[in-house]
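Comments concern the structure below.
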Ligand code: ADP
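In the numbering used here, the protein residues as written are 908 to 1484.
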């Protein structure tokens, strides 16, 4: 665990982490704010632009609709609109009905000035069927007027609802509910004055009307809405807008809407408007404009820059994490080294004390008993062997750490080297009751190796097998061939190694907490270095209490005859105790 002292020692790392995090956070926040601001501005601009489009679109449509109605009404010559001139009116409307098929019904209405309610008389024009025998006008069958029985009252209501009846040449109104017709209609009124336009200019009250009923889908022409939208879109494109807006004209029908024309596919209408109520024009008509994409393009950039910010933060954190780990590792190694220095003096002193004590005894000549002399001599030898092994390991480690260890690889018989090493080792442990079983393959494996290094590696493994043997006294050494590798296996039945320790025991100076014997924690690190220098690898299998099996895997050189022969199976050739 970390103490406050450790924390103080690495304060710069903590400060750097905090600074990086803070800076990244501030950057991301600034980015988010600036992106939001840009987005809001862009959105506002876009909407204002769309609003302008919509306004000009609606204004243009209004002008066209009224102008056309005016044009139709004027084609029925105004001076003729008198009750006594009905035949002339019949001819004029017959001509107009042919010219303007988009007009659904033509009406003429007569009344006394300012007395519409009392004197209202509405006539509906009935076109003549195509019949050659019927009276003709300009080559067309002549239509006639009938009393507009059903529509007279609604027409009067509609006319009375027009605000400025006296001054407007063409008025428009719409009264769907009061009309008898199932579908709503647009009506255009054209006031008629006794004495024509002069009377109108003198602000006299009208004495009659020409009324036209039309439908949004076919008026002024069936293609009108599409043409209007196309014209408008073209104009918008010419204005160099960043994106082509999308347009639609539709009729609201209850909650639903029927599209009359559209340019592009309108998914989410941003802006919608109809005619002003005062215009009295198609109140269910809707003009809609939306940008090309519902998604604002700045969103993409915003997302990207925020993502980049977050990536930078993540990278900074990873960097700090890695530094933190490196510092921790360094700290662990420092700890291991200091433990090593503490135990090395102890490790050197113990055998030296024994050697010195038994040497003194022998030197003093006080021990005469030949058996004792032999025993003390043996102890001195064992302790010196341990000391030698220890010093060899320390020297080896220092060479390895400085990178000056050179290996002399020579072709030789691996089995012989293993057998020799085991034989030498056997003598020193026999007295403690250990048995070492050796299994070698036939034919013996030939390899290229540094005999001294391999011997040292094997001795380290054997000495560990003895030191961590617990109460077991059996050790097995096997050499076998696995495909193109030679494998030296050292197996003991001692205290074993916990799974969590198995990877770490190869780290220099590391000692498992379960290690019962004295030691410096460098033996296995040296074995691993030696084996890796030979192009091989070391592995361990173990279960606590059931012993450990170390495997040294060394690559074999490719022999001409071996390349074709199948893998040779290992067979025991010698077994000795
Ligand atoms: P040392 O034995 O001097 O501590 P080593 O590098 O040889 O150092 O071994 C590292 C650790 O691995 C030992 O401390 C011990 O915990 C564990 N170890 C090594 N060999 C064995 C074994 N045969 N059985 C059980 N534990 C072992």
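For each residue, glycine too, the CB sits at the ideal point set by N, CA and C.
Practice item. Output the boundary residues of the alpha helix (DSSP H) element that contains residue 1353. Key: From DSSP, residue 1353 is part of no alpha helix (DSSP H) but of the beta strand (DSSP E) over 1353-1356.
request  = Flag this pair as touching only if the region 1425-1441 and the region 1347-1360 have three or more C-beta atom pairs under 8 Å; answer yes or no.
outcome  = yes
Supposed contact pair residue 935 and residue 1220 - C-beta distance, whole angstroms, cut 8 Å
7 Å
Using a Cβ-Cβ cutoff of less than 8 Å, which residues in the same chain neighbour residue 1087 once the five nearest sequence positions on both sides are dropped?
Summary for residue 1087: the model assigns pLDDT 45, below 50, so the residue's position carries little reliability; its value from the coordinates is reported in the next sentence. If we look at residue 1087 and ignore the five residues flanking it on each side, its Cβ neighbours are 1057, 1058 and 1061.
- Put residue 1052 into one of helix, strand or coil per three-state DSSP. strand
Quiz item: Under 6 Å from any heavy atom of the ligand ADP, does the C-beta of residue 1455 make it?
Solution: yes
query = Can you tell me the Cα-Cα spacing of residue 1163 and residue 1195, whole angstroms?
reply = 14 Å
Quick one: using the 10 Å Cβ neighbour count with 16 as the cut-off for buried, is residue 1317 buried or exposed? exposed
- Task: Please name the residue in 1415, 1165 and 1421 whose C-alpha comes closest to that of residue 1305.
- Result: 1415
| If residue 1015 and residue 1170 are in contact, beta carbons under 8 Å, what's the gap, nearest whole angstrom? | Actually they do not touch by this definition, with Cβ atoms about 39 Å apart.
request  = Put residue 1154 into one of helix, strand or coil per three-state DSSP.
outcome  = strand
TODO: Answer yes or no: the CB of residue 1211 versus the heavy atoms of the ligand ADP, is any distance below 6 Å?
DONE: no
*Closest residue to residue 1422 among 1371, 998 and 1114 (Cα-Cα distance)*: 1371
- Message: On a Cα-Cα basis, can you pick out the residue from 1065, 1285, 1161 and 1229 that is closest to residue 1188?
- Response: 1065
- Answer yes or no: do residue 980 and residue 1097 have a C-beta to C-beta separation smaller than 7 Å? yes
If you reduce the DSSP assignment to three classes, tell me which class residue 1009 lands in.
coil
Go ahead and pull the three-state DSSP assignment for residue 1081. Summary for residue 1081: the model assigns pLDDT 48, below 50, so the residue's position carries little reliability; its value from the coordinates is reported in the next sentence. Correct three-state label for residue 1081: coil.
- request: Assuming residue 965 and residue 1182 form a contact by the criterion Cβ under 8 Å, report the distance between their Cβ atoms to the nearest whole angstrom.
  value: 7 Å
(Q) Does the contact criterion of 3 or more C-beta pairs under 8 Å hold for the region 999-1008 versus the region 1213-1228? (A) no
- Between which two residues does the alpha helix (DSSP H) harbouring residue 1304 extend? 1277-1309
Whole angstroms are fine: how far does the CA of residue 982 sit from the CA of residue 962?
30 Å
Span separating the alpha-carbon of residue 1261 from that of residue 1381:
27 Å
Beta-carbon proximity check, residue 1352 vs residue 1398, cutoff 7 Å
no
(message) With distance defined between alpha-carbon atoms, name the residue in 1418, 1369, 1378 and 1379 nearest to residue 1458.
(response) 1369
Out of 1213, 1005, 1156 and 1210, state which residue places its alpha-carbon closest to the alpha-carbon of residue 1490. Since the displayed the chain opens at 908 and closes at 1484, residue 1490 lies outside it and no answer follows.
- Item | Nearest-angstrom Cα separation, counted from residue 1153 out to residue 1140 | 8 Å
Residue 1348 to residue 1443 span [Cα, whole Å]
19 Å
Is it the case that the Cβ atoms of residue 1394 and residue 1336 are separated by a distance below 7 Å?
no
- Task: Starting from residue 1387, follow its DSSP beta bridges and name the residues at the other end.
- Result: 1394
- request: Would you check if the distance between the CB atom of residue 1159 and the CB atom of residue 1177 is smaller than 7 Å?
  value: no
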